[in-house]
Ligand SMILES: Nc1nc2c(c(=O)[nH]1)N[C@H]1C(S)=C(S)[C@@H](COP(=O)(O)OP(=O)(O)OC[C@H]3O[C@@H](n4cnc5c(=O)[nH]c(N)nc54)[C@H](O)[C@@H]3O)O[C@H]1N2
Ligand SMILES: Nc1nc2c(c(=O)[nH]1)N[C@H]1C(S)=C(S)[C@@H](COP(=O)(O)OP(=O)(O)OC[C@H]3O[C@@H](n4cnc5c(=O)[nH]c(N)nc54)[C@H](O)[C@@H]3O)O[C@H]1N2
Ligand code: SF4
Ligand code: SF4
Ligand code: SF4
Ligand code: SF4
Ligand code: SF4
Ligand SMILES: [Mo]
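Chains as they are written, first to last, in the numbering used here: chain A, 1 to 320; chain B, 1001 to 1872; chain C, 2001 to 2347.
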């Protein structure tokens, strides 16, 4: 029996994020992560396949979903990299969807398209096809890890979050805890699985399989602080080139999960890609929860006491 | 390109990062469009009009690179008086024989020059035997010049002012003057503003300081006029000075991993290694006559004897001597076209009795799937070597014709052998890529079970056959000596050098030994280092002259992997490129006639007068010491006949051909024709289709009416077939793999929301797509990536069909190729699967005999007969 | 894409910073038609963003809990019942109500046993529960809960055994007190258990949930007391249930009001119906208990209604969580609001 580290500290209070240090590693390598630049993703899915090959992940269903070219639907126990495809027709002028509600986007809902009316030639807007490769965020404050009761999920010396399959007991707690819907339980063996950030490769000086397979370097692997710097530069470049929609997602150590170890450059609102706009590690509120649990428990005791005492007085008809 | 060459596309992205603009010309909005700066949708099958429009723009607005054009192209060359253009003949060129649908191109030649179109014309009888040479033409001599051009000799006349009415430049100008922006809009459906935008982009990015590259693949080739698509781009690039220079060129993105290699060392019927033509069955044609007919006086083809004799020495070794013409007679002879599609008909008419399928799945991958399967059902035997039980191995038990009841398993006499093949990871060898770069790979794992490499199989098969031929008992039993010629007839097989060392437990022939043989050796067995060393006297051997040097110094040069960071940008020490490890071919054109780079920005090689040599990061195009002002002796031949400014060293006149006086069987200039089957007429000329297109004469399957012809309205939609990143070709390498199958689990068609409404098709529902050949079903993907376009004043819908599916494996579906027909490009025999006409209707297709009934009803409605679509 | 086999941590990738495609950059700077593509920067923006949102094909953002409803909603109910019953049992003990005490203690042990069965069923294998005791993790309510159960289980069982058999009365008393001390935590921690997830309807409700849960636990325990105790002894059970039901009802009301859109699943659909049923059952049970306190039959009936009410409430809450996990709007809208609030505050 060991006590694991990674207490549910208040992430916002700790901008100098060193999750492996916090977890008790004293002399550890720099925190490694991903910068996934979706603006250069060509949707080839090499990352998905490379991940499956390297990790020997089972097939994840053979359904034609009709969601553009995405037939794997999302991350899950048997899909650790997932490429999203979004077809959009955007107005050429008008309100800037990037800066206001995502509602302004004319998202193409293919499921509805067939029913739509013919707008005729000269339909407004240009078509764009967004592609984005999603992965576990390796959160600085990882809910999955926090809530795992067995210690199966742990923080590596690289600051990543990894499941130890020999310890996982399939309690499933990590699954709804993850604010991004990443980790999932596999139906057949009941255990939880997700991206390991190729723990078995990076220790040997190899790039993660997905990053190595990515032809356009949409997936960049490296020390997190360097990636963040590079990403900031990339956003500046894109903005200067008129790509106002470019924004980073998960790069801010001040966000609800203390910054993601795997962060993204997106060209639209996160929810367009199926990502939560402002995820918060659920355990941030856990101290408050425990306080309330304590009060409620005390209340229960009190209520029982009162009930028993008042009960005795009020209904003294019983006797021994 | 992002779809089918995603790994190569990283360099497009790298170029973009450095400021390159990417324009994507495709009927569909694909993954490539998503990353392009501009996507230009157009009607499938209309690119010649589009490119011709740009050529016209360049000529009219004088945007061409004048110095380059004058120095390195044949713009100034004057053409024979006999030549008549499509302008004069309403869409056809002079020399057309309407009956056989083929051109005699004598009238196309340069004035004062006999352009020797190397077809062995001197054999008159042969001409007669072969329907006035039509079948020779069908045998695709054009392809024999994959690494060069046709021969030309004599004194050409030029006019450097480019004003002579018959100079190439003026002919070109007249020919393309019809391709106005209005015409482009009408034929392609590209709005004039968009078209102008493309024109400006291309021309602004070409010239001294900048270069533009064109990248194409089968979106341009799979047409009945496909080669002329690439010709149009060649003309444009030559006019703009974009050939032989860094960042320029026309890049053919090849298909299967080593498809370039299998053209260089061909799996094609009509050429020998290194693009030496396959001899025809002329009477009394010996080696000398062949070289005279096929070779050229000037340029590198002037040395054809050295290449061919060295090849014969590599194949027949000691047995090949000067006395027996180096076994030239051992080479097989062509009697006509024997492309895959003719072979299908040879199967159907019983002349082709056995068939090896080593890495091909024609039941799914080749046009007109039904004919493919019926052909195989007429064979005596069929050998399939593959990883999985592909459709071409199982059609006799579960093919579509079994389902409709047309074929019954018990009636099929074909004996089918299925042999497991080793995959590329399970054997060593080289891949030759799009860039002519050979890269060696070593075996990673042993093949499972009985799987063996194709090299092992062929080697072993050869050994077994030779053992049998040497066994008197066997000869006797089989009556092999009955015809009296006895072993003489078998000498070509028995004399072959067939002695590769083997490696490993499975007795695999050593692939490196094969590479060494291809590289070539001198008389004493030393590996050669350059084709300049090859001799025509039998003192050298070389399995493929253009690969000579890949094993220089006895080192596998294809296996070099010096990292990019450790060498300059041309990276000559990564792998090995043919010819001579040259990375940019025709690089002489990167410098001006005086040998100075056109601009420092685009410098590649330059003449260093002090050293008396060409210098630069790439291997110079011709002998490094040939000065820019070199003028050949009047009687010089071969490479020595090339002047110091004859940059296009494989061409007989050393020039880039804006006008091709020979070499193409369907015209010296590109002309837009509508596809074999199209809802439209050709607004340019009365001639609707490519008059020289190849139609398999015995094809039993009908064509559809086109354009304004009655019945064409039955097939009102244009459909195109293509690939998805997630699958590979006919599916043998992807539909069986769970990791790929799950990414695209089912056959689907892509249609626009408008078409969905027009035909009542539901997203994810079923649709039946009908042509005159077949009706297939597909799930429906409604997407705005498919947009109807306005051509000929009419709004037309295009339907997208990925062609990867068949009925076996874990991702299954009908085959798009069942819809396709066998009208071919006459130069390359490539099927027209990029532009078809069809109908689409909601719901699944009928099963069983009802399917043929549906088809019959369609044919009746369209009034289709055997003659339909066969008119010139 | 590897440049050789080694990784290149940090090394900037060569020249890969291409611009995205067609419509991503709005201008084509080379184009004469630039004006056409330029969009009005700083132009009108909708002042009041519509309460619409985009999603990825309507797919959920988070993963729905993989727990089996019967097992885990059942566990929430049984755990609450057990924990609160232990308290009631101890109280009854201390105030001399033996049938109530025994009934409550046995009920607690029984409920606990069933709860354990439910837990193990959800894990798949009993041995997997042992993994829970590898570590102590205050950050994991499930770890805390496991240790609580490990402590509470033997106490509750001991208390019940002693009260039924009469053996080791001293130890029995100690066990009873111990179970009463830990029982409330067992009843309440499950609130943290479900709130400490990304499930919107649960997490957002973390303030009220402990009160809902102890309330519901008290309702159930009271109900059980009414069911098992002789009429003269059932006064505390009735009071306990009344207090519980009142707490629960109030807390649920507050919760719904505070949660806004995320609270929808508590009012609509199956989860809403279950919660309304819970309210009705609790109210009915309570009324019945108060009126029919003297009648053994009526008391039992009311006890059953209270138990059912508590169970319905747990199942309703569980179900509401699933609904809120499945519909991306419950994840996205509150987060959007939060961002908007933050942006507003920053301005
Ligand atoms: N993932 C993957 N990669 C592959 C292959 C594969 O099967 N899968 N196959 C390999 C092979 S064998 C080959 S040959 C190459 C082929 O590579 P590509 O030529 O890129 O492949 P296709 O998808 O067949 O066709 C390319 C595009 O041509 C468009 N097109 C159709 N008709 C026309 C037309 O008339 N004009 C123009 N401009 N475009 C048109 C289609 O919409 C399609 O997007 O890919 C190779 N790479
Ligand atoms: N409609 C339509 N039709 C087309 C095209 C199109 O764009 N549209 N494209 C055309 C083009 S460009 C091509 S290249 C063809 C491709 O068509 P095919 O060549 O018929 O199709 P493949 O699936 O590539 O077949 C190759 C087979 O070789 C097997 N294989 C792989 N490696 C080896 C090996 O080392 N040894 C052996 N023995 N077998 C091996 C694979 O499992 C596979 O089954 O399709 C053509 N047909
Ligand atoms: S994204 Fe989810 S699964 Fe990944 S570390 Fe964060 S909480 Fe855990
Ligand atoms: S399912 Fe496994 S990894 Fe997830 S919380 Fe439970 S024990 Fe930890
Ligand atoms: S880092 Fe490794 S495990 Fe994670 S997605 Fe990439 S390949 Fe898969
Ligand atoms: S490998 Fe790279 S380019 Fe391809 S889908 Fe994945 S992230 Fe995008
Ligand atoms: S499959 Fe091979 S040849 Fe084709 S893109 Fe990928 S790496 Fe290149
Ligand atoms: Mo191909």
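Note that the Cβ used here is the ideal one computed from N, Cα and C, for glycine as well.
These numbers were taken from a predicted model, which means no experiment stands behind them.
Item	Value
Residue 2087 (chain C) touches chain A at which residues, Cβ-Cβ below 8 angstroms?	300, 301 and 304
By Cβ distance below 8 angstroms, which residues in the same chain neighbour residue 1654 (chain B) in space, the five residues on each side in sequence not counted?	1298, 1299, 1642, 1643, 1645, 1646, 1647 and 1648
Quick check on residue 2252 (chain C) - is its C-beta less than 7 angstroms from some C-beta in chain A?	no
Using CA coordinates, which residue listed in B:1560, B:1605 and B:1618 is at the minimum distance from residue 1934 (chain B)?	It is not possible to answer for residue 1934 (chain B), since the shown part of chain B is limited to 1001 through 1872.
What distance in whole Å lies between the Cβ atoms of residue 263 (chain A) and residue 38 (chain A), which are believed to be in contact at a cut-off of 8 angstroms?	Not quite, the Cβ-Cβ distance comes to about 11 angstroms (not below 8 angstroms), so this is no contact.
Taking 7 angstroms as the CB-CB limit, is residue 1029 (chain B) close to chain A?	yes
Express the C-alpha separation of residue 1758 (chain B) and residue 1664 (chain B) in angstroms, rounding to a whole number.	42 angstroms
May I ask whether a heavy atom of ligand 4 can be found less than 6 angstroms away from the beta carbon of residue 152 (chain A)?	yes
Let me check understanding here. Comparing Cα to Cα, which of B:1432, B:1422 and B:1455 lies closest to residue 1444 (chain B)?	B:1422
With three or more C-beta pairs closer than 8 angstroms as the rule, is the region 1092 to 1102 of chain B touching the region 1255 to 1268 of chain B?	no
Between the Cα of residue 145 (chain A) and the Cα atoms of A:51, A:284, A:225 and A:247, which residue gives the shortest distance?	A:284
Going straight from the alpha carbon of residue 1428 (chain B) to that of residue 164 (chain A), what length do you get?	38 angstroms
What is the DSSP secondary structure of residue 1025 (chain B), reduced to helix, strand or coil?	strand
Check the C-beta distance from residue 1334 (chain B) over to residue 1280 (chain B) and give it rounded, since I have them as a contact under 8 angstroms.	5 angstroms
Could you please give me the residues that DSSP links to residue 1767 (chain B) through a beta bridge?	B:1778 and B:1842
Within the same chain, show all residues whose beta-carbon is closer than 8 angstroms to that of residue 1844 (chain B), passing over the 5 residues directly before and after it, in chain order.	1766, 1768 and 1777
Who are residue 1298 (chain B)'s beta bridge partners in DSSP?	B:1638
Would you decide whether residue 1439 (chain B) is buried or exposed? Buried here means 16 or more other CB atoms lie within 10 Å of its CB.	buried
If you drop the 5 nearest sequence neighbours on each side, which residues of the same chain put their C-beta closer than 7 angstroms to that of residue 223 (chain A)?	30, 31 and 32
Roughly how far, in whole angstroms, is the beta-carbon of residue 2159 (chain C) from the beta-carbon of residue 2318 (chain C), given that I think they are within contact range, below 8 angstroms?	In fact, because the Cβ distance is near 29 angstroms, the residues do not count as touching under 8 angstroms.
For residue 2224 (chain C), which option in C:2261, C:2309 and C:2213 has the closest C-alpha, if you only look at C-alpha atoms?	C:2309
Excluding sequence positions up to five away, which residues of its chain have a Cβ less than 7 angstroms from the Cβ of residue 1838 (chain B)?	1715, 1717, 1719, 1769, 1770, 1771, 1799 and 1819
To which residues of the same chain is residue 1230 (chain B) closer than 8 angstroms at the C-beta, ignoring the five residues directly before and after it?	1216, 1220, 1221, 1250 and 1252
What residues in the region 169 to 181 of chain A have a beta carbon less than 8 angstroms from any beta carbon of chain C?	169, 170, 171, 172, 173, 175, 176, 177, 178, 179, 180 and 181
Note down the Cα distance separating residue 2100 (chain C) from residue 2234 (chain C), rounded to an integer number of angstroms.	7 angstroms
Can you tell me the Cα-Cα spacing of residue 1227 (chain B) and residue 1598 (chain B), whole angstroms?	30 angstroms
Who are the near neighbours of residue 2256 (chain C) in its chain, counting only those whose CB is closer than 7 angstroms to its CB and skipping five residues on each side?	2263, 2266 and 2267
So, is residue 239 (chain A) buried or exposed, given that buried needs 16 or more other C-beta atoms within 10 angstroms?	exposed
Quick one: does residue 210 (chain A) have its CB under 7 angstroms from some CB of chain B?	no
At a threshold of 6 angstroms, does residue 1815 (chain B) count as lining ligand 1 (C-beta to nearest heavy atom)?	no
Which term fits residue 2167 (chain C), buried or exposed, when burial requires 16 or more other beta carbons within 10 angstroms of its beta carbon?	exposed
Looking at the secondary structure, which residues open and close the beta strand (DSSP E) in which residue 1252 (chain B) lies?	1250 to 1252
Under 7 angstroms from any heavy atom of ligand 8, by CB: list those residues in chain order, please.	B:1218, B:1255, B:1256, B:1259 and B:1729
Closest to residue 2323 (chain C) by CA distance: which of A:154, A:176, A:81 and A:155 is it?	A:176
Quick check on residue 2185 (chain C) - is its C-beta less than 7 angstroms from some C-beta in chain A?	yes
Can you give the Cα-Cα distance for residue 2028 (chain C) and residue 88 (chain A), rounded to whole angstroms?	For residue 2028 (chain C), the predicted structure reports a pLDDT of 44, less than 50, and the residue's modelled location is therefore unreliable. The matter cannot be settled from this model.
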